[in-house]
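K.L.:
Before we start, here is the structure in question, set down as structure tokens.
In the working numbering, the protein residues as written are 1243 to 1535.
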């Protein structure tokens, strides 16, 4: 199996169904979904059961709608539902990884969506091209761009991963397909409450021998506004960033990157990126810069 989509949830409400539906509609069907529930008490499981027991499409429905409904019913058979206690999102992801049989793993939170119905198809084509070129798929990370629902803007990922990229702004986690071996070899470090995925990405770059491929299309639609982005956790976020970068980067490297951030007016650029009034313009300029020959 090529892809395992890992979806972790705790009391997600209707968001659960929206995320699964974005996978069910994919044109590429060589995938499974690991649905890891941390013990929801909001009736979310009832939503899943209702989806499983959906009525057959009646003759009065349009053929296109009936075909879609049938495709979704068949796709539900690819879902493995796991209900077990966990200590948070990263523990839930760690529990799900050993259960996945896919060659590549993609992690989605409830509320996040695949950007369109051809994401898996196009990613599979990129995997095959890399394999034909001799790339080891076990050490490969494929990543794409991200649509931000919070800011209503497309966020371009860097066309190449460098040390400065790792310091400044790695691709959105929901837009990265990881060679499963990388996730099995290095579980998420539970000492980090906000940035365990960041720690894992830097491990892949600095120690895991990973190769990175930018795919020039949006992979996910990221809901945003979660735990890691709240103002109350801003200080913890900064502290974990400092701990993780110090663990992988030399003092000289850190000095260069901090100086580069200051010279390129990073605080101003961050404010523009987060501003609803300017975020669209900012990200369009950023995408143009990245795409320049």
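The beta carbon of each residue, even a glycine, is placed where N, CA and C say it ideally should be.
On the criterion of 16 or more Cβ atoms from any shown chain inside 10 Å, does residue 1422 qualify as buried, or is it exposed?
P.N.:
Under this definition residue 1422 is a buried residue.
K.L.:
How about residue 1251: is its C-beta nearer than 8 Å to some C-beta of chain B?
P.N.:
Although the question refers to chain B, the structure presented lacks it and comprises just one protein chain.
K.L.:
For residue 1401, does the count of other Cβ atoms within 10 angstroms reach 16, so buried, or fall short, so exposed?
P.N.:
The residue is exposed, with fewer than 16 neighbouring Cβ atoms inside 10 Å.
K.L.:
Tell me which residues share the same chain as residue 1420 and place their Cβ nearer than 7 Å to its Cβ, disregarding the 5 neighbours each side in the sequence.
P.N.:
1346, 1347, 1383, listed in sequence order.
K.L.:
From the DSSP output, read off the bridge partner residues of residue 1453.
P.N.:
For residue 1453, which the question treats as bridged, DSSP gives the partners 1382.
K.L.:
Taking 6 Å as the limit between beta carbons, can you name the residues of its chain near residue 1254, skipping five residues before and five after?
P.N.:
Closer than 6 Å at the Cβ level, and outside the excluded window around residue 1254, lie 1286, 1352.
K.L.:
Taking 6 Å as the limit between beta carbons, can you name the residues of its chain near residue 1464, skipping five residues before and five after?
P.N.:
Once the five neighbours on either side are set aside, the close Cβ partners of residue 1464 are 1354, 1388, 1390, 1414, 1416.
K.L.:
Whole angstroms are fine: how far does the CA of residue 1284 sit from the CA of residue 1500?
P.N.:
Each residue's Cα considered, the two are about 44 Å apart.
K.L.:
Residue 1432 and residue 1333 look like a contact to me (Cβ under 8 Å); what is the Cβ gap, rounded to whole Å?
P.N.:
Yes, they are in contact, since the Cβ atoms of residue 1432 and residue 1333 sit about 6 Å apart, within 8 Å.
K.L.:
Provide the residue span of the beta strand (DSSP E) that contains residue 1327, from first to last.
P.N.:
Looking at the DSSP string, residue 1327 is not in any beta strand (DSSP E), and its letter there is neither H nor E.
K.L.:
Following the continuous alpha helix (DSSP H) through residue 1500, name the residue where it begins and the one where it ends.
P.N.:
It spans 1493 to 1505 - the alpha helix (DSSP H) in which residue 1500 sits, taken as one unbroken run.
K.L.:
Within this structure, are the beta carbons of residue 1437 and residue 1403 separated by less than 8 Å?
P.N.:
In this structure, residue 1403 does not lie closer than 8 Å to residue 1437 by Cβ.
K.L.:
Where does residue 1476 fall in DSSP's three states?
P.N.:
Helix.
K.L.:
Let me check understanding here. Comparing Cα to Cα, which of 1266, 1462, 1281 lies closest to residue 1394?
P.N.:
Ranking the options by Cα distance to residue 1394, first place goes to 1462.
K.L.:
Return helix, strand or coil for residue 1405, following the three-state DSSP convention.
P.N.:
Reduced to three states, the DSSP call for residue 1405 is helix.
K.L.:
Buried or exposed for residue 1327, please, with buried defined as at least 16 other CB atoms from any protein chain shown within 10 angstroms of its CB.
P.N.:
It counts as exposed.
K.L.:
Would you be able to state if there are at least three C-beta pairs under 8 Å between the stretch 1354 to 1371 and the stretch 1445 to 1463?
P.N.:
Touching, yes.
K.L.:
How about residue 1490 and residue 1424: are their beta carbons less than 8 Å apart?
P.N.:
No.
K.L.:
Over what stretch of residues does the beta strand (DSSP E) that includes residue 1279 continue unbroken?
P.N.:
First-last of the beta strand (DSSP E) with residue 1279: 1273 to 1279.
K.L.:
On a Cα-Cα basis, can you pick out the residue from 1281, 1429, 1453 that is closest to residue 1187?
P.N.:
Because the chain spans 1243 through 1535 in this model, residue 1187 falls outside it and cannot be assessed.
K.L.:
Leaving out five residues before and five after residue 1502 in sequence, what residues of the same chain have Cβ atoms less than 7 Å from its Cβ?
P.N.:
Excluding residues within five positions, the ones whose Cβ falls inside 7 Å are 1406.
K.L.:
Between the beta-carbon of residue 1338 and the beta-carbon of residue 1435, is there less than 8 Å?
P.N.:
No. Outside cutoff.
K.L.:
Three-state secondary structure (DSSP) at residue 1248?
P.N.:
It is a strand residue.
K.L.:
Go to residue 1420, then tell me how far its beta strand (DSSP E) extends in each direction, as first and last residue.
P.N.:
Segment 1418 to 1421, the beta strand (DSSP E) holding residue 1420.
K.L.:
Three-state secondary structure (DSSP) at residue 1444?
P.N.:
Residue state, collapsed to three classes: helix.
K.L.:
Rounded to a whole number of angstroms, what is the C-alpha to C-alpha distance between residue 1488 and residue 1271?
P.N.:
If you take the alpha carbons of residue 1488 and residue 1271, they lie about 41 Å apart.
K.L.:
Report the rounded CA-to-CA distance for residue 1258 versus residue 1466, giving the unit in angstroms.
P.N.:
Rounded to whole angstroms, residue 1258 to residue 1466 spans 15 Å at the Cα level.
K.L.:
What three-state label does DSSP hand residue 1340 in the structure shown?
P.N.:
It is helical.
K.L.:
Quick one: measure Cβ to Cβ for residue 1320 and residue 1385, integer angstroms, because I've assumed they're closer than 8 Å.
P.N.:
Wrong, their Cβ atoms sit about 23 Å apart, outside the cutoff.
K.L.:
Can you give the beta carbon distance from residue 1350 to residue 1247, rounded, assuming they're within the 8 Å contact cut?
P.N.:
Their Cβ separation, rounded to whole angstroms, is 6 Å, which keeps residue 1350 and residue 1247 in contact under 8 Å.
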